Amino acid sequence: MLGTASQVPTRTRGQNGYLLRWDAEGLLFDPGEGAQRQMLLAGVSASDVTRICLTHFHGDHCLGLPGVVQRLSLDHVPHPVDAHFPGSGREYFARLRHASAFYETATLREWPIEAEGEVARGGFGTLSVRRLVHAIDAYGYRLVEPDGRRMLPDRLRERGVTGPAVGRLQRDGTIEVDGRTVRLEEVSEPRRGQRFAFVMDTRLCDGVYALAEGADLLVVEATFLDGDADLAWRYGHLTAGQAARVAAGSGVRTLVLTHFSQRYPEPAAFAEEARRHFDGELVVAADLMRIPVPPKR
Ligand SMILES: [Zn+2]
-8 MLGTASQVPT RTRGQNGYLL RWDAEGLLFD PGEGAQRQML LAGVSASDVT RICLTHFHGD
52 HCLGLPGVVQ RLSLDHVPHP VDAHFPGSGR EYFARLRHAS AFYETATLRE WPIEAEGEVA
112 RGGFGTLSVR RLVHAIDAYG YRLVEPDGRR MLPDRLRERG VTGPAVGRLQ RDGTIEVDGR
172 TVRLEEVSEP RRGQRFAFVM DTRLCDGVYA LAEGADLLVV EATFLDGDAD LAWRYGHLTA
232 GQAARVAAGS GVRTLVLTHF SQRYPEPAAF AEEARRHFDG ELVVAADLMR IPVPPKR
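Here the sequence shown is numbered in our numbering, starting from -8 and rising by one per residue.
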């Protein structure tokens, strides 16, 4: 958690910013002002970033981009970095990317989003977006790892599959042992890939549910409390209660609330409200917190 305040930084919270470490990928979401320094404090280097994902172009979600972009070049980050952002904000992206003079050495590839659906696919899985409902174009992100199989040591032993043969079986799907064919399905069980969802500024809408469905880890804005649900609706935001009800109904395992309005001095109120609806792992985010993606089941 690089920053957890909405709109403006406070004494204890920086503007938004989140880094998801996911195998070899480092996805930087919505870097607000100060993201570069928060990365330093969090022990994240520029070369850890492989992808930048913006939900929308309000300042608290993108004003940190110029610093991060220039840092990629300053540090001679060798790998290309892919940037995803709402296509209607191309002009903003162009300005942020070239906000001031610098010597560009890093490769930043731009992937403006024009529609819902898949935006990237790789060894990490599939990254897709859904529309959110905010004052301006906004998208939430969902990252889904491919399903795999978990090997069952007892069954392997029973069938005499050992050592390098296990790897061959995983690769080829079948193997011959003492003249008998062993199939992968006999000695393993399906293991669901991990799922991550990132939902920022939005009213409650279909997109929120679609993104959150079965997420192992959901990072979601909870700008307001239920007592101010009318304000949340008017400004296109969620309450902690709404976020928690979505999480409960969607089978979320770890729920992370963030992007808090500075009108509430006491973060415990968000936890109390969310706890009434959600009984899984609940985190009220604070700056520089590290939250593990729950292990595979
Ligand atoms: Zn915001």
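Where is the CB? At the ideal position from N, CA and C, for every residue including glycine. This structure is a prediction, so every number in the text was calculated from the model and none was measured.
Between the beta-carbon of residue 248 and that of residue 272 there is about 12 angstroms, and that puts the pair past the 8 angstroms contact cut.
At a cut-off of 7 angstroms, the beta-carbon of residue 51 counts as near ligand 1: some heavy atom of the ligand is closer than that. When rounded, the separation of the alpha-carbon atoms in residue 102 and residue 43 is 10 angstroms. Spanning the alpha carbons of residue 254 and residue 194 requires a straight line of approximately 19 angstroms. Boundaries for residue 255: no alpha helix (DSSP H) harbours it, and the DSSP string shows neither H nor E there. 8 angstroms or more divides the Cβ of residue 130 from the Cβ of residue 141. One Cα belongs to residue 222, the other to residue 231, and the distance between them is close to 13 angstroms. Shown here, residue 136 sits in coil according to DSSP, grouped into three states, outside any helix or strand. Only buried fits residue 186, as 16 or more other CB atoms lie within 10 angstroms of its CB. Not one heavy atom of ligand 1 lies closer than 7 angstroms to the C-beta of residue 61. By the Cβ criterion, the stretch 12 to 27 is in contact with the stretch 53 to 72, since at least three pairs of Cβ atoms, one from each stretch, lie closer than 8 angstroms.
Following the DSSP letters along the chain, one finds residue 119 inside the beta strand (DSSP E) bounded by residues 116 to 123. From the listed residues 70, 148, 136 and 226, the smallest Cα separation to residue 127 is found for 226. As summarised for the stretch 149 to 228, the continuous beta strand (DSSP E) elements at least 3 residues long and confined to that stretch are 165 to 168, 171 to 174, 179 to 182, 186 to 190 and 208 to 212, given in chain order. 196 is the residue among 32, 196, -7 and 261 whose C-alpha sits nearest the C-alpha of residue 125. Between the alpha carbons of residue 5 and residue 139 lies a gap of roughly 38 angstroms. Here DSSP, grouped into helix, strand and coil, assigns residue 56 to helix. Between ligand 1 and the CB of residue 219, the shortest heavy atom gap is not smaller than 7 angstroms.
Under the three-state reduction of DSSP output, residue -2 falls in the coil class, being neither helix nor strand.
Per DSSP, the unbroken alpha helix (DSSP H) holding residue 232 starts and ends at 231 to 241. In this structure, the alpha-carbon of residue 283 lies about 15 angstroms from that of residue 134. In the structure shown, residue 22 falls within a coil segment according to DSSP collapsed to helix, strand and coil.
For residue 271, the three-state secondary structure derived from DSSP is coil. Residue 264: member of the alpha helix (DSSP H) spanning 259 to 266, first to last residue.
With 16 or more neighbouring CB atoms inside 10 Å of its own CB, residue 75 falls in the buried class.
In the three-state reduction of the DSSP assignment, residue 80 falls in the helix class, which pools H, G and I. Burial check for residue 286: the Cβ neighbour count within 10 Å stays below 16, so the residue is exposed.
Judged by DSSP in its simplified three-state form, residue 103 adopts strand.
Cα atoms of residue 206 and residue 169: separation of roughly 43 angstroms, rounded to the nearest angstrom. Residue state for residue 30 is assigned as helix, using DSSP reduced to three classes.
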